[in-house]
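The structure appears below as structure tokens.
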Amino acid sequence: TAPASILEVQHLSMRFGGIVAVNDLSFDVRRGDITALIGPNGAGKTTVFNCITGFYKPTTGMLRLTHADSREFLLERLLDYRVSKVAKVARTFQNIRLFAGMTALENLMVAQHNRLMRASGFSFLGLLGAPTFHTAEHDAIERARYWLDRIGLTARADDAAGSLPYGDQRRLEIARAMCSEPALLCLDEPAAGLNAREGEALSELLLAIRKEHGTSILLIEHDMSVVMEIADRIVVLDYGVKIAEGTPREIRDDPKVIAAYLGAD
Ligand code: ATP
2 TAPASILEVQ
12 HLSMRFGGIV
22 AVNDLSFDVR
32 RGDITALIGP
42 NGAGKTTVFN
52 CITGFYKPTT
62 GMLRLTHADS
72 REFLLERLLD
82 YRVSKVAKVA
92 RTFQNIRLFA
102 GMTALENLMV
112 AQHNRLMRAS
122 GFSFLGLLGA
132 PTFHTAEHDA
142 IERARYWLDR
152 IGLTARADDA
162 AGSLPYGDQR
172 RLEIARAMCS
182 EPALLCLDEP
192 AAGLNAREGE
202 ALSELLLAIR
212 KEHGTSILLI
222 EHDMSVVMEI
232 ADRIVVLDYG
242 VKIAEGTPRE
252 IRDDPKVIAA
262 YLGAD
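If you're matching positions, the sequence shown starts at 2 in the working numbering and goes up one per residue.
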């Protein structure tokens, strides 16, 4: 059986010149859990994401990802495209990064480009024959349509992504990440800029992803109502250091956490 943790972060530090953005941070993301990484502005949360996803090479530390079949990946040793393609870690960014001029459906197809290229490569070599590409393409369209439906955007499949309401764009980004069938989904402030109703729709989507697909989720989030509602565990950072870790209830009542938030403006 696969270990209980999908991601183990051990003694992670990231320095930028004189700035220690992350300082000897250790925590686990349990398989199938929603884990929230919270903390005041500048606490180092996005830097942790950049280390996990191979955008930064950590100054020190180990980031071990273990798939359900027990295959292990040391993320700190992989380049970013291998973190996504091989280790199957998907991420979204603080700012929306959809292709605004492409349709909603096309955005979900682009996410599967690698898979399609692989299939077409095989047929080009004549190893498996042309049908491989058509099967892969068919599967990709099915997957894209499934996720469009899951976020309630089937009717807007052919509309430009940039023309959709902001909350729909944010969920389309998550759908796009899910089209790559990640083992670990990393979301950087998915609720930022959402109104209460959109925040609610986001929470429902993330809970459904966990329940129906068993995807482990790590999210950075400032919206405490979203965090408290959906997180199984919370890790709190302040000035690059972990100051608390626990269930939403434990974190809410932790004096160190309260002080960190009241101390920040
Ligand atoms: P926010 O909630 O505002 O997004 P955060 O918790 O994500 O903040 P980070 O963006 O990780 O915080 O930043 C942590 C610290 O590291 C900050 O002091 C920031 O200025 C610094 N930092 C981050 N990236 C770099 C970089 N590429 N070069 C230099 N300093 C950086």
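We treat Cβ as the ideally placed atom computed from N, Cα and C, and that holds for glycine.
Quick test of the definition: if touching needs 3 or more C-beta pairs under 8 Å, does the segment 134-143 touch the segment 73-86? no
What three-state label does DSSP hand residue 266 in the structure shown? Since pLDDT at residue 266 reaches only 47, below the 50 mark, its modelled position is unreliable, and no value is offered.
Look at the Cβ atom of residue 109, then the Cβ atom of residue 149, and state whether they are nearer than 8 Å. yes
Backbone CA spacing between residue 20 and residue 42 [nearest angstrom]: 15 Å
Test item: CB-CB of residue 181 and residue 200 under 8 Å: no
Roughly how many whole angstroms lie between the Cα atoms of residue 58 and residue 249? 31 Å
Give the straight-line distance between the Cα atoms of residue 228 and residue 100, rounded to the nearest whole angstrom. 28 Å
When you compare only the Cα positions, how much space is there between residue 256 and residue 222? 20 Å
Report the residue from 92, 203, 98 whose alpha carbon sits nearest the alpha carbon of residue 184. 92
Helix, strand or coil at residue 21 [DSSP, three-state]: strand
Cβ-based neighbour list, residue 63, same chain, cut-off 8 Å, excluding 5 preceding and 5 following: 9, 10, 11, 12, 13, 75, 77
For the pair the segment 208-222 and the segment 27-35, tell me if three or more CB-CB distances fall below 8 Å. yes
How big is the Cα-Cα spacing for residue 205 and residue 152? 10 Å
Taking DSSP as the reference, what is the three-state secondary structure of residue 124? Caution is warranted here: a pLDDT of 49 is assigned to residue 124, below 50, making its placement in the model unreliable, and the coordinate value is therefore given only provisionally. If DSSP states are grouped into helix, strand and coil, residue 124 belongs with the helices.
For residue 106, three-class secondary structure by DSSP: helix
If you measure from the CB of residue 175, is any heavy atom of the ligand ATP nearer than 7 Å? no
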